[in-house]
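Following: one structure in structure tokens, then a few remarks.
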Amino acid sequence: MVSRHVNTCCRQNSRSKQMFTQTMAKKFCLNKTRESIVFNQKCLIHLSPKRHNPLVAIVLRQAAKFVAVLTGRVVRKWWRELPPNKRQLVIQWFARHKWKFGLLLLSSVLAFVAYYTSHLVDTPITGRKRFIAFTPKQLKEINDYEFEVQLETYKHKLLPSSHEMSKRVARVATQLLNANNDLPQIHDNEWSISVVDDLNIKNAFVMPSGQIFVFSGMLAICDNDQQLGVVLAHEMAHCVQCLHHLLYNN
Ligand SMILES: [Zn+2]
Numbered sequence: 011m012v013s014r015h016v017n018t019c020c021r022q023n024s025r026s027k028q029m030f031t032q033t034m035a036k037k038f039c040l041n042k043t044r045e046s047i048v049f050n051q052k053c054l055i056h057l058s059p060k061r062h063n064p065l066v067a068i069v070l071r072q073a074a075k076f077v078a079v080l081t082g083r084v085v086r087k088w089w090r091e092l093p094p095n096k097r098q099l100v101i102q103w104f105a106r107h108k109w110k111f112g113l114l115l116l117s118s119v120l121a122f123v124a125y126y127t128s129h130l131v132d133t134p135i136t137g138r139k140r141f142i143a144f145t146p147k148q149l150k151e152i153n154d155y156e157f158e159v160q161l162e163t164y165k166h167k168l169l170p171s172s173h174e175m176s177k178r179v180a181r182v183a184t185q186l187l188n189a190n191n192d193l194p195q196i197h198d199n200e201w202s203i204s205v206v207d208d209l210n211i212k213n214a215f216v217m218p219s220g221q222i223f224v225f226s227g228m229l230a231i232c233d234n235d236q237q238l239g240v241v242l243a244h245e246m247a248h249c250v251q252c253l254h255h256l257l258y259n260n
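In this note's numbering, the protein residues as written are 11 to 260.
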């Protein structure tokens, strides 16, 4: 039953002894991470609402679509209404400047190839090459922005760390992290858990940097901690490849 719902979720630096101790301390205090999330949430509301307003992004995206559609229609209408002799003049103008257009096309293709090849990285587990559009810094910025958007979205439904459901998720997540501590991506990353109280959403998802969100609807269908473990392990697995890029390609 759980695995059926899991499929719906995808939407998605050598170590000193001191660092090791710090990382382990974070992992063992997963339930306390909630406190920092609540803190982040407050910062978001009071310190940077304008810069992080997702509404601006939504409006801009819709405006860009509208402009693209409008431009396409205007050009088509202009071409249809053009008299045949004028059309011929336009075609001749393009023919006269074909070398310029050719050069523009060639430089665009070369720029794309250079961009593509410079963004190929080695996949740590399979050893294959893969394309990643963003640098670790850019990816981290996108991740942090999206994390704040999610916190803002669910701010009225986030359960405190003292809640039984939060404790349950923290307990299972800590077990998984400790059991996989030999994986650098698990060991070196700072993981966090947010439990959202919404019984209608039978889902869980994770941010590339390891911020896991679990909905109470998903917790309700996990009859035991083993099933919840499968869900959380699935979410953590999403991050492992991405974390390699984020943590070690600086
Ligand atoms: Zn998934």
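Backbone N, C-alpha and C fix where the C-beta goes; we use that ideal spot for every residue, glycine too.
Between histidine 248 and ligand 1, is there a pair consisting of the residue's CB and a ligand heavy atom that are separated by less than 7 angstroms? As a working note, residue 248 is residue 238 in the sequence shown. Correct: histidine 248 has its Cβ closer than 7 angstroms to ligand 1.
Please classify alanine 35 as buried or exposed, where buried requires at least 16 other C-beta atoms within 10 Å of its C-beta. Here residue 35 is taken as the residue at index 25 of the sequence shown, counted from 1. Residue placement at alanine 35 cannot be trusted, given a pLDDT of 38 that sits under 50; the coordinates are not used to answer.
Under 8 angstroms by Cβ, that's how I've got serine 204 and glutamine 221 pegged, so tell me the actual separation to the nearest angstrom. The residue labelled residue 204 in the question sits at position 194 within the sequence shown. The residue labelled residue 221 in the question sits at position 211 within the sequence shown. Sure, about 7 angstroms apart at Cβ, within 8 angstroms.
What three-state label does DSSP hand aspartate 7 in the structure shown? Residue 7 is absent from the structure shown; the chain starts at 11 and stops at 260.
Aspartate 208 and phenylalanine 225 - do their beta-carbons sit closer together than 8 angstroms? Position 215 of the sequence shown, counting from 1, holds the residue named residue 225. Position 198 of the sequence shown, counting from 1, holds the residue named residue 208. Yes; because the gap between Cβ atoms is below 8 angstroms, this pair is in contact.
Same chain only: Cβ atoms within 7 angstroms of alanine 67, ignoring 5 sequence neighbours per side: Numbered from its first residue, the sequence shown carries residue 67 at position 57. Excluding residues within five positions, none has a Cβ falling inside 7 angstroms.
Look up lysine 87 in the DSSP assignment and say whether it is helix, strand or coil. Within the sequence shown, residue 87 is the residue found at index 77, counting from 1. Helix.
Buried versus exposed, by CB contacts within 10 Å (16 or more), lysine 87: Working through the sequence shown from its first residue, we reach residue 87 at position 77. When all chains shown are included, lysine 87 counts as exposed.
Nearest by alpha-carbon distance to phenylalanine 215: which of Pro194, Leu238, His197 is it? One-based indexing of the sequence shown puts residue 215 at position 205. Ranking Pro194, Leu238, His197 by Cα distance to phenylalanine 215 puts Leu238 first.
Can you look up lysine 165 in the DSSP assignment and give me helix, strand or coil? Taking the sequence shown and counting its residues from 1, one reaches residue 165 at position 155. If DSSP states are grouped into helix, strand and coil, lysine 165 belongs with coil.
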